[in-house]
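Residue numbers (my numbering): 348 to 735.
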């Protein structure tokens with residue numbers, strides 16, 4: 348596997364290095380944000396769901412816009428520079444925020460940057476490798492992304508143990524953020540990877556029927572998903588301390604890092620829709636367990652292990668399936684719709700999850716998510732049978 352991965356184009360490795368730095372900055376503070384919001388602004392689960400949902404929904408719209416314009420211009424570098432600069436600036440400024448609306452604006456700035464860079468980057472990765480290596484390429488990219496998610500929380504935990512405050516750790520993220528922008532500025536886009544002809548139809552009706560059926564199932568599945576911050580809040584309920592939460596997230600990311608490349612490469616050899624259908628069922632079982640099993644540290648660790656395996660098996664396969672179902676000249680737009688559908692549905696998903704948590708308890712919130720995931724798996728299975 349390693350020998351095959353080493354033969355992937357320079358573009359794949361370069362973008363992976365950029366993602367490593369960006370995620371080191373992002374995930375250093377990600378597990379701390381719920382604690383920071385609660386302590387500084389008295390933000391509860393419901394408000395947290397609205398903040399995260401609104402930020403991700405805004406990013407989703409930007410992903411469609413940037414994907415469409417990528418198809419027209421056939422160039423990604425400009426979008427990548429803007430997309431990594433916004434988070435590099437907005438993340439550390441959260442430490443200086445004085446109110447909840449300011450926090451919302453800064454989180455939206457972070458997510459808008461993600462929205463502007465994601466679709467062009469995913470399309471560039473798809474165009475840079477042969478079709479039978481896309482799962483491997485996306486898996487390697489996600490592995491490096493998760494490597495940053497390991498380094499960041501470990502650095503945060505070390506700084507907290509050394510006496511730094513959460514606010515100071517958030518300010519520190521400007522360093523890897525700026526480094527990621529500098530690295531993007533050095534990127535040389537490969538020649539001969541044009542994916543469009545300047546005449547791109549971005550409307551839903553223009554997408555191939557198999558792609559639309561998959562996106563509908565994906566939209567329902569996204570309704571079952573809530574921000575990972577809720578999982579960290581659940582871990583807090585089971586007995587994890589403020590210092591241990593970043594370590595838990597680092598361990599989760601380390602396992603996802605190790606498994607993303609081989610499990611995503613598996614999707615190059617099997618039917619991707621069948622793989623995702625089975626994974627969504629596993630997701631439903633995991634969330635049901637989060638809600639029903641006893642609140643113990645050991646149980647929580649086991650469930651995070653299962654969740655890391657799910658993430659590793661699906662992230663690369665989802666993107667490889669989009670590249671498989673979309674026309675070559677419409678890759679950016681197809682990825683834009685993929686991210687738009689999943690991102691927009693995260694707003695009601697996170698808001699509903701937070702509302703259920705606040706008014707009916709965390710068990711009810713997890714069980715509703717599990718039931719929705721089962722429905723989505725059924726829709727995906729039906730779509731697969733329709734293709735046959």
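Built from N, CA and C at the ideal position, the CB exists for glycine as well.
Check your understanding: Between which two residues does the alpha helix (DSSP H) containing residue 653 stretch?
Key -> Your numbering for residue 653 matches position 306 in the chain shown. Here the alpha helix (DSSP H) through residue 653 covers 644 to 672.
Check your understanding: Quick one: any contact between the region 583 to 598 and the region 632 to 645, if contact means 3 or more CB pairs under 8 angstroms?
Key -> yes
Check your understanding: When you compare each of 422, 368, 494, 616 to residue 432 by their alpha carbons, which one comes out closest?
Key -> If you number the chain shown from 1, residue 432 lands on position 85. If we check each option's Cα against that of residue 432, 368 comes out closest.
Exercise for review: Tell me whether residue 599 is buried or exposed, calling it buried when 16 or more other Cβ atoms sit within 10 Å of its Cβ.
Suggested key: Counting from one through the chain shown, the residue named residue 599 turns up at place 252. Buried, since its Cβ has 16 or more Cβ neighbours within 10 Å.
Check your understanding: Thinking C-alpha only, which one of 677, 443, 591, 470 is nearest residue 514?
Key -> The count along the chain shown starts at 1 and reaches residue 514 at position 167. Selected option, being the one with the closest Cα: 443.
Check your understanding: Distance, Cα to Cα, residue 506 vs residue 373?
Key -> Indexing the chain shown from 1 puts residue 506 at position 159. Indexing the chain shown from 1 puts residue 373 at position 26. If I take the Cα positions, the gap works out to 15 angstroms.
**Study point:** Endpoints, alpha helix (DSSP H) assigned at residue 365
**Key:** Reading the chain shown from its first residue, position 18 is the one you call residue 365. Unbroken alpha helix (DSSP H) run through residue 365: 357 to 376.
**Study point:** Alpha-carbon to alpha-carbon, residue 632 and residue 559
**Key:** For the purposes of this step, residue 559 is taken as the residue at position 212 of the chain shown. For the purposes of this step, residue 632 is taken as the residue at position 285 of the chain shown. Distance between the alpha carbons of residue 559 and residue 632: 26 angstroms.
Check your understanding: How big is the Cα-Cα spacing for residue 550 and residue 683?
Key -> In the chain shown, residue 550 corresponds to position 203, counting from 1. In the chain shown, residue 683 corresponds to position 336, counting from 1. The straight-line gap from Cα to Cα measures roughly 11 angstroms.
Point to revise | Test item: CB-CB of residue 530 and residue 375 under 8 angstroms | key: Within the chain shown, the letter at position 183 stands for residue 530. Within the chain shown, the letter at position 28 stands for residue 375. Cβ distance not < 8 angstroms, so residue 530 and residue 375 don't count as in contact.
**Study point:** Contact set for residue 627: own chain, Cβ-Cβ below 6 angstroms, skip 5 residues either direction
**Key:** Within the chain shown, residue 627 is the residue found at index 280, counting from 1. Contacts found: 568, 720, 723, 724.
Review point. With 16 as the cutoff for other CB atoms within 10 Å, does residue 552 come out buried or exposed?
Key: For this step, residue 552 is matched to residue 205 along the chain shown. Flag for residue 552 reads exposed.
Point to revise | First through last residue of the alpha helix (DSSP H) which encompasses residue 456 | key: Locating residue 456 in the chain shown gives position 109, counting from the first residue. That run of the alpha helix (DSSP H) goes 447 to 475.
**Study point:** Rounded distance between the beta-carbons of residue 595 and residue 659, thought under 8 angstroms
**Key:** Within the chain shown, numbered from 1, the residue matching residue 659 stands at position 312. Within the chain shown, numbered from 1, the residue matching residue 595 stands at position 248. At roughly 17 angstroms, the Cβ-Cβ gap does not stay under 8 angstroms, so residue 659 and residue 595 are not in contact.
Check your understanding: Under a Cβ-count criterion, where at least 16 other Cβ atoms within 10 Å of its own Cβ denotes burial, should residue 555 be classed as buried or exposed?
Key -> Reading the chain shown from its first residue, position 208 is the one you call residue 555. Counting Cβ neighbours within 10 Å, residue 555 comes out exposed, since fewer than 16 surround it.
Review point. Is the region 659 to 673 close to the region 610 to 618, with three or more CB pairs under 8 angstroms?
Key: yes
**Study point:** Per-residue DSSP class, three states only, for residue 535
**Key:** The residue labelled residue 535 in the question sits at position 188 within the chain shown. Three-state result, residue 535: coil.
Review point. DSSP state of residue 479, grouped into three classes?
Key: Start at 1 with the first residue of the chain shown, and residue 479 comes out as number 132. Reduced to three states, the DSSP call for residue 479 is helix.
Check your understanding: For the candidate residues 578, 664, 563, 401, whose alpha-carbon lies nearest to that of residue 727?
Key -> Reading the chain shown from its first residue, position 380 is the one you call residue 727. Looking at the Cα atoms, 563 is the closest of the given residues.
**Study point:** Exposure of residue 413, with buried meaning 16 or more beta-carbon neighbours within 10 Å
**Key:** For this step, residue 413 is matched to residue 66 along the chain shown. Classification of residue 413: buried, given that the 10 Å Cβ count is 16 or more.
Review point. Are there three or more Cβ pairs, one per stretch, closer than 8 angstroms when the region 456 to 467 is compared with the region 666 to 683?
Key: yes
Review point. Which of helix, strand or coil does DSSP assign to residue 703?
Key: As a working note, residue 703 is residue 356 in the chain shown. Note: residue 703 maps to helix in three-state DSSP.
Review point. For the putative contact between residue 608 and residue 490, defined by C-beta atoms under 8 angstroms, what is the C-beta separation to the nearest angstrom?
Key: The residue labelled residue 608 in the question sits at position 261 within the chain shown. The residue labelled residue 490 in the question sits at position 143 within the chain shown. Contact holds; Cβ gap of about 5 angstroms.
Point to revise | Continuous alpha helix (DSSP H) stretch holding residue 564: start and end | key: Here residue 564 refers to the residue found at position 217 when the chain shown is read from its first residue. Looking at the DSSP string, the run of the alpha helix (DSSP H) that includes residue 564 is 556 to 570.
Check your understanding: Can you tell me whether residue 665 is buried or exposed, with buried defined as 16 or more other CB within 10 angstroms of its CB?
Key -> Residue mapping note: residue 665 aligns to position 318 of the chain shown, counting from 1. The residue in question, residue 665, is buried, as its Cβ has 16 or more Cβ neighbours within 10 Å.
Check your understanding: Between residue 536 and chain C, is there a C-beta pair that is closer than 8 angstroms?
Key -> In the structure shown, chain C cannot be found, because there is only a single protein chain.
Review point. Short check: CB of residue 459 to CB of residue 405, under 8 angstroms?
Key: By one-based count along the chain shown, residue 459 stands at place 112. By one-based count along the chain shown, residue 405 stands at place 58. Yes, the Cβ-Cβ distance between residue 459 and residue 405 is below 8 angstroms.
Check your understanding: Does the Cβ-Cβ distance between residue 362 and residue 488 come in under 8 angstroms?
Key -> In the chain shown, the residue the question calls residue 362 occupies position 15. In the chain shown, the residue the question calls residue 488 occupies position 141. A contact, by the Cβ cut-off of 8 angstroms.
Review point. Should residue 532 be labelled buried (16 or more other beta-carbon atoms within 10 Å of its own) or exposed?
Key: Indexing the chain shown from 1 puts residue 532 at position 185. Exposed, because fewer than 16 other Cβ atoms sit within 10 Å of the Cβ of residue 532.
Exercise for review: Below 7 angstroms CB to CB, which residues in the same chain sit around residue 472 once its five sequence neighbours on both sides are set aside?
Suggested key: Translated into the one-based positions of the chain shown, residue 472 becomes position 125. Within the same chain, residue 472 has close Cβ partners 359, 362, 484, 485, 488.
Exercise for review: Could I get the ranges of all uninterrupted alpha helix (DSSP H) runs contained in the region 497 to 524, with 4 residues as the minimum, in chain order?
Suggested key: 513 to 519
Exercise for review: Check each candidate in 495, 497, 536 and name the one with the smallest Cα separation from residue 420.
Suggested key: Looking up residue 420 in the chain shown gives position 73. Ranking 495, 497, 536 by Cα distance to residue 420 puts 536 first.
**Study point:** Nearest-angstrom Cα separation, counted from residue 528 out to residue 447
**Key:** The sequence position of residue 447 within the chain shown is 100, counting from 1. The sequence position of residue 528 within the chain shown is 181, counting from 1. Each residue's Cα considered, the two are about 28 angstroms apart.
Review point. Cα separation between residue 545 and residue 476?
Key: Taking the chain shown and counting its residues from 1, the one referred to as residue 545 is at position 198. Taking the chain shown and counting its residues from 1, the one referred to as residue 476 is at position 129. Legend: pLDDT at residue 545 = 49, less than 50; position of this residue unreliable, no value from coordinates given.
Check your understanding: Expressed to the nearest angstrom, what Euclidean distance is found between the alpha-carbon atoms of residue 516 and residue 426?
Key -> Looking up residue 516 in the chain shown gives position 169. Looking up residue 426 in the chain shown gives position 79. Distance between the alpha carbons of residue 516 and residue 426: 28 angstroms.
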